[in-house]
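>
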Amino acid sequence: MSRIAGRFAQLATEGRRALIPYIVAGDPSRTATVPLMHALVSAGADIIELGVPFSDPMSEGPVIQQAHERALAHHTRLRDVLAMVAEFRQQDNDTPVLLMGYANPVEHMGYAAFADAAAEAGVDAALTVDLPPEEVADLNRELRRVAMDNIFLVAPTTPEARIRAIVEQASGFIYYVALKGVTGAGHLDVDDVAEHLAHIRAHTELPLAVGFGIKDADSAARIGQLANGVVVGSALVTHLAAAVADVDAEGQEAALLDAASGLMGSIRRGLDSIAS
Amino acid sequence: MTMQTSSKPYASVPDAQGRFGVYGGRFVAETLMSALDELETLYRRLAADPEFQRELDRDLAHYVGRPSPLYEAERWSDRIGGARIWLKREDLNHTGAHKVNNTVGQALLAKHMGKRRVIAETGAGQHGVATATIAARLGLECHVFMGEEDVRRQALNVYRMKLLGATVVPVTSGSRTLKDAMNEAMRDWVTNVDDTFYIIGTVAGPHPYPMLVRDFQCVIGREARAQSLELTGRLPDALVACVGGGSNAIGLFHPFLEDEGVAMYGVEAGGHGVATGEHAAPLTAGTPGVLHGNRTYLMQDEDGQILHTHSVSAGLDYPGVGPEHAWLKDVGRVNYVTVNDDEALRAFHDLTRTEGIMPALESSHALAWAGQLAARMSPEQNIVVNLSGRGDKDIHTVASIDGIDF
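Chains as they are written, first to last, in my numbering: chain A, 8 to 283; chain B, 175 to 580.
#1: Give every residue of the same chain whose Cβ lies closer than 6 Å to the Cβ of Glu149/A, excluding the five residues on either side of it in the sequence, and list them in chain order.
#2: Where do the ends of the beta strand (DSSP E) carrying Ala133/A lie?
#3: Residues of chain A with CB under 9 Å from Asp433/B, in chain order?
#4: Look at Leu282/B and Glu315/B and say whether their C-beta atoms are less than 9 Å apart.
#5: Which stretch, first to last residue, makes up the beta strand (DSSP E) that contains His317/B?
#6: Could you say which of Ala190/B, Tyr197/B and Pro188/B lies nearest to Thr461/B if we only look at CA atoms?
#7: Taking beta-carbon pairs under 9 Å, can you tell me which members of the stretch 98 to 126 of chain A lie near chain B?
#8: Counting only C-beta atoms, is Asp354/B closer than 9 Å to chain A at any point?
#9: Going by the CB atoms, is the gap between Gln401/B and Pro243/B shorter than 9 Å?
#10: Give me the DSSP bridge partner(s) of Gln300/B.
#11: Compute the distance between the beta-carbons of Thr528/B and Arg249/B, then report whether it is under 9 Å.
#12: Verify whether the separation of the beta carbon atoms of Thr458/B and Val387/B is less than 9 Å.
#13: Here's the rule I'm using: 16 or more other beta-carbon atoms within 10 Å means buried, otherwise exposed. How should Leu502/B be labelled?
#14: Can you list, in chain order, the residues of its chain whose CB lies under 8 Å from that of Leu525/B, leaving out five sequence neighbours each side?
#15: Have a look at Pro411/B and Ala168/A and give me their C-alpha separation to the nearest angstrom.
#16: Terminal residues of the continuous beta strand (DSSP E) containing Pro410/B?
#17: Would Glu554/B count as contacting chain A if we go by Cβ distances under 9 Å?
#18: Does the beta-carbon of Pro188/B have 16 or more other beta-carbons within 10 angstroms, so that it is buried, or is it exposed?
#19: Quick one: what's got a C-beta closer than 8 Å to Asn147/A's C-beta in the same chain, skipping five residues either side?
#20: Name the two residues that bound the continuous alpha helix (DSSP H) containing Leu244/B.
#21: CB Arg86/A to CB Pro35/A, shorter than 9 Å?
#22: Tell me whether the beta-carbon of Val414/B lies closer than 9 Å to the beta-carbon of Val505/B.
#23: Rounded to the nearest angstrom, what separates Ile575/B and Gln300/B at their Cα positions?
#24: With a CB to CB cut of under 6 Å and the five nearest residues on each side skipped, what residues in its chain are close to Leu106/A?
#25: Measure the alpha-carbon distance for Phe15/A versus Cys392/B and round it to whole angstroms.
#26: Could you pull the start and end residues of the alpha helix (DSSP H) that Asn147/A belongs to?
#27: Report the three-state DSSP secondary structure of Arg37/A (helix, strand or coil).
#28: Could you tell me whether any Cβ in chain A is nearer than 9 Å to the Cβ of His453/B?
#29: Suppose you measure from the CA of Ala549/B to the CA of Arg520/B; what does that come to, to the nearest Å?
#30: Mapping DSSP to helix, strand and coil, what is Val239/A?
Now the structure itself:
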């Protein structure tokens with residue numbers, strides 16, 4: 008069983024929901040990322056979603072765009088991100104790591120080379136925003152060869168027929184995008200999410216995680232009632248950026264880890280309040 | 175590849191997946207996929223509908239002012255002393271560039287889809303102006319995304335768009351030019367996909383855009399072909415057009431692709447010179463990759479990050495290129511070459527002084543290459559250059575290079 012499937016299975020027996028924080032690798036610095044990943048796990052993260060910096064992150068709102076720009080300002084490359092995961096694995100062999108990014112850096116490395124390097128580093132899955140089902144087959148084949156999951160998005164605009172086609176190719180879990188829009192935008196409509204999740208559930212037994220619009224313990228708890236996991240991205244990136252904004256270089260790491268523990272801990276408690 | 179299996183290879187692309195060989199495709203987030211499916215279905219239906227074609231032809235004739243003339247630049251040709259140079263006068267279209275051929279077509283699609291709002295990205299501002307113009311005519315809300323750097327260097331077009339009732343949104347992310355404007359337009363579209371039609375200005379983006387923009391721009395080449403036959407009794411020996419995203423070039427080239435005797439030159443922006451790295455010439459100096467919804471040649475670094483580009487011409491200042499051009503390069507049908515900033519500026523002045531026609535800086539790249547090409551050809555030969563836009567919008571840029579401050 009893959010780390011991701013194992014983690015969801017374990018959570019299911021405990022009646023708990025997966026907490027999936029998203030950070031951009033290399034933001035705010037290249038050395039901060041691995042300690043930050045460990046801090047997120049200590050504060051209750053079940054799966055780490057690590058953003059791979061890209062110059063043109065088309066699906067991101069301003070908060071995560073700026074995180075990509077900060078990471079690229081000190082040249083965080085895809086191979087650096089893989090090295091960070093390998094370093095994380097030296098101390099943590101249990102927490103699944105998902106890379107989320109855009110097609111071009113992966114294409115440039117080559118799908119087969121990426122799959123080999125990512126598996127070697129200890130990455131469990133990839134979510135490539137601009138590789139929809141029609142374009143992802145070649146990469147997915149390489150990922151399967153090294154027993155990695157390709158994580159598929161389902162959106163509010165995805166019709167029934169596409170949902171069926173997506174779940175057929177999917178493994179690990181399904182990532183439901185709760186909003187039409189970019190990351191960090193808009194207001195969450197819980198009833199609307201419930202309705203869409205029900206449609207997806209009709210076609211798959213894979214775990215469903217929901218992202219976009221979850222920003223605190225309360226929204227996490229409301230979505231946690233409906234889904235197997237929640238992704239917290241922009242709210243966390245905003246919180247971390249604010250925490251280090253006025254701190255000198257020496258104090259940055261402590262401030263960052265404190266802020267991460269604070270928000271993750273609070274959302275973890277929110278999620279566990281609904282555990283059944 | 176498709177071209178080996180068909181007697182009309184150039185008519186067979188894109189395939190059902192929107193591929194031109196290995197290029198093109200639909201590389202976007204899941205949220206946009208069904209909107210693109212819907213657009214493709216509607217477009218394929220309307221493209222085969224004679225009533226839609228009549229509606230489009232009416233707009234092109236009476237609103238855009240087509241056909242545009244094919245003008246023999248006699249004095250300029252005489253001065254060069256080689257092949258005769260003919261200018262396809264897209265600069266005489268309403269709004270002053272070829273862009274309107276496409277916005278008129280896409281706006282009709284928006285109308286058929288019942289969308290109340292249109293968005294567009296723009297570099298030089300010509301596509302933004304053309305979109306704002308058609309939005310004003312149809313009473314549609316219009317937002318135009320434009321890099322902050324381009325807002326500065328194309329102030330005249332920014333004001334034109336505002337006069338037309340559009341909201342111009344300066345984009346401050348990334349390099350603050352056309353590529354970032356396109357990112358931001360995509361972000362808007364994914365947010366407002368229910369009521370908004372995205373009018374992409376070039377033959378790039380996710381399928382079906384490269385196909386439908388090409389189809390709308392092909393009126394240039396169809397006219398130029400008929401006009402050449404009428405005025406010279408034969409087809410031209412060579413076609414020349416500038417290539418940023420490549421819509422004016424595809425529009426001119428496509429109806430001639432099966433005519434083996436017609437040579438074709440797509441002119442990319444060489445900026446300060448390809449060797450300096452400060453240019454916008456992905457076909458000449460780039461490698462294949464994925465950006466803005468399609469696979470194509472890109473300017474990128476060794477990690478697949480998109481590089482900043484440079485061109486004196488805002489409309490060519492883009493790190494990618496339409497996927498059909500990528501394919502035409504690989505199959506060898508079109509020659510892609512570069513012209514540097516200073517060569518383009520010389521052509522701008524030459525044409526202005528010898529013909530009384532002030533070309534856009536984008537088109538000046540095509541003119542500069544045509545001048546070099548003509549000098550190597552004989553007076554019995556003919557070159558058709560796409561004069562894709564007029565140069566009024568560039569007067570500030572030219573003046574500041576010449577050290578003149580208004």
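We put the CB at the ideal spot given by N, CA and C, even for glycine.
Checking against the coordinates, here is how it stands:
#1: Tyr118, Ala119 and Ala122
#2: Ala132 to Thr135
#3: In chain order: nothing, as chain A lies at least about 34 Å away.
#4: no
#5: Glu315 to Gly321
#6: Tyr197/B
#7: Tyr109, Ala110, Asn111, Pro112, Val113, Glu114, His115 and Met116
#8: yes
#9: yes
#10: In the DSSP output, where bridge partners are listed per residue, Gln300/B has none listed.
#11: yes
#12: no
#13: buried
#14: Ala247, Trp250, Ile531, Met532, Pro533, Ser538 and Leu541
#15: For the sequence presented, residue 411/B should be read as Asp rather than Pro. C-alpha separation (whole angstroms): 50 Å.
#16: Note, Pro410/B: premise wrong, no beta strand (DSSP E); not H, not E.
#17: no
#18: buried
#19: Asn157 and Gln176
#20: Here Leu244/B belongs to no alpha helix (DSSP H); instead the beta strand (DSSP E) covers Leu244 to Glu246.
#21: no
#22: no
#23: 21 Å
#24: Leu57, Val59, Val130 and Ala133
#25: 54 Å
#26: Pro140 to Arg152
#27: coil
#28: no
#29: 16 Å
#30: strand
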